[in-house]
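*Asks:* For the record, in the sequence shown the residue sitting at position 14 is 13 according to numbering that gives the first Met the number 0, with numbers rising by one throughout.
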Amino acid sequence: MIVSSRCTYICLAGAVVYFLRKAFKRNPAPYPPGPKPLPLLGNLFDIPSMKPWLTYAEWGAKFGMAVSPRMLCSCLN
């Protein structure tokens, strides 16, 4: 029982460290501008499930032709 809970805590701590390092890692690639993302989730809640092209059109008007939204710590290009 103690071994399984210790293993669970170690795995959980490792996952937290992994996602924090990935979220705050500086990327040398200069991505185009885009909407401000939430930590770890990115722009997951900014893109609607119905008629997403309208959101992309708004972002295009605001940020230019190339837009880089983020989802779950990854840039969508």
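Note that the Cβ used here is the ideal one computed from N, Cα and C, for glycine as well.
(1) Could you give the C-beta distance for S67 and G33, rounded to a whole number, given that I count them as a contact under 8 Å?
(2) For the alpha helix (DSSP H) containing A56, list its first residue and its last residue.
(3) In terms of alpha-carbon separation, which member of I46, A22 and D45 lies closest to L39?
(4) Answer with buried or exposed for W58, where buried requires no fewer than 16 other C-beta atoms within 10 angstroms of its C-beta.
*Replies:* So, from the listed chains and residues:
(1) 4 Å
(2) P51 to F62
(3) Per the Cα distances, A22.
(4) buried
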